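A.B. asks: Structure below; questions to follow.
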Amino acid sequence: MLQVQNVQKSFGQFMVISDVSFSVTKNEVVALLGPNGAGKTTMVNLISGHLRPDSGKILLDDRDITTAPAHVRIALGIARNFQITQLFEELSVLDNVRNCIFSKEGRSGRFFKPAGAYRGEKSGAMSVLETFNLAQFASDPASALSEGDKKILDTAMAFALNAKFLLLDEPTSGVATSDKFKVMDTIISAIQKQGTATLIIEHDMDIVEEYTDRVMVLAEGRILADGASSEVMENKEVKETLFGVSD
Ligand SMILES: Nc1ncnc2c1ncn2[C@@H]1O[C@H](COP(=O)(O)OP(=O)(O)O)[C@@H](O)[C@H]1O
Ligand SMILES: [Mg+2]
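Numbering-wise (our numbering), the sequence shown opens with residue 2 and increments by one.
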């Protein structure tokens with residue numbers, strides 16, 4: 002599905018990613034962990050096409066997409082959420098999802114036409130809202146949603162792009178701890194229904210252990226560990242890097 006091969010990325014003199022390789026196969030939900038500033042969001046941007054690596058390759062289904070622009074990658078099946086939610090607060094929940102679908106279809110020039118002009122996308126957008134338990138809010142403005150539901154909508158919009166490969170950068174950031182599991186239950190059950198390969202960045206270890214098959218740890222520009230979460234979390238170097246403890 003997705004292969005990252007010896008990718009390197011610097012910002013000026015500052016090398017954030019020095020040599021990263023990994024692959025994600027169909028149906029896998031993989032967590033990417035690492036300290037603040039480790040380069041996790043940079044890695045998401047490299048895969049989504051918002052940044053280009055200095056060297057190395059990125060392949061989707063064996064096709065080299067290393068230099069493909071973001072909109073081409075979306076068309077090929079890579080979708081991402083945004084860590085800082087990019088909702089149109091005044092638009093309805095349904096129209097936020099429909100806009101996302103229009104823009105994939107290359108109709109973003111018509112973004113602000115009355116949504117009723119595009120009946121085709123309505124059923125698709127509604128079914129995404131149903132999958133994410135947001136259908137009852139379809140005609141409410143996005144601004145009326147709780148923070149947890151806004152984060153679910155943010156992920157639902159990425160999901161509406163019908164991706165083969167989904168990038169979720171901190172999908173529960175800003176969600177109250179008590180709501181995190183509800184948000185993740187909704188997101189993960191939608192992903193599993195579709196069999197979408199997913200790379201998820203998450204800090205909360207309870208969430209990581211509950212919802213992901215595999216964990217990779219990014220530190221000092223490299224993948225420090227990659228494997229089943231139970232094994233990776235026992236690794237001494239990983240504990241030191243993530244929690245600052247060595248016992
Ligand atoms: N566009 C950019 N220009 C310069 N430095 C950047 C840019 N994006 C990220 N960085 C730097 O790269 C490092 C990794 O950032 P980031 O990928 O956001 O880390 P993480 O998501 O793991 O917290 C940070 O030190 C950050 O300041
Ligand atoms: Mg980040």
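Every residue gets a Cβ at the ideal spot worked out from N, C-alpha and C, and that includes glycine.
Note that the structure is a prediction, hence the values are computed from the model and not measured.
With a threshold of 16 other CB atoms inside 10 Å of the CB of N82, please say whether the residue is buried or exposed.
C.D. replies: Classification of N82: buried, given that the 10 Å Cβ count is 16 or more.
A.B. asks: Kindly identify the DSSP beta-bridge partner or partners of V233.
C.D. replies: None; V233 has no bridge partner.
A.B. asks: Just mark G110 as buried or exposed, buried being the case when its beta carbon has 16 or more other beta carbons within 10 Å.
C.D. replies: Because the pLDDT of G110 is 46, which lies under 50, any placement of that residue in the model is unreliable, and the question is left without a value.
A.B. asks: Indicate whether Q6 and S19 have their beta-carbon atoms separated by less than 8 Å.
C.D. replies: In terms of Cβ geometry, Q6 and S19 do not form a close pair [threshold 8 Å].
A.B. asks: Starting from K58, follow its DSSP beta bridges and name the residues at the other end.
C.D. replies: Q6
A.B. asks: Quick one: is Q70 buried, meaning 16 or more other Cβ sit within 10 Å of its Cβ, or exposed?
C.D. replies: A small fix is needed here, since residue 70 is Pro in this sequence, not Gln. That one is exposed.
A.B. asks: Check each candidate in G13, F138 and G196 and name the one with the smallest Cα separation from E29.
C.D. replies: G196
A.B. asks: Alpha carbon to alpha carbon, what distance is there between K151 and S93?
C.D. replies: 12 Å
A.B. asks: Per DSSP, which residues does V21 bridge with? Please list them.
C.D. replies: V8
A.B. asks: If you count every other CB in all the chains shown that lies within 10 Å of the CB of R215, and 16 or more means buried, which is it?
C.D. replies: Result: buried.
A.B. asks: Given the structure, does N37 come close to ligand 1, in the sense that its CB is under 7 Å from one of the ligand's heavy atoms?
C.D. replies: yes
A.B. asks: By alpha-carbon positions, which one of L33, P36 and S24 ends up nearest to D63?
C.D. replies: S24
A.B. asks: So what's A145 in DSSP terms, helix, strand or just coil?
C.D. replies: helix
A.B. asks: Rounded to the nearest angstrom, what separates A97 and A76 at their Cα positions?
C.D. replies: In the sequence on display, residue 97 carries Asn and not Ala. Distance between the alpha carbons of N97 and A76 is about 19 Å.
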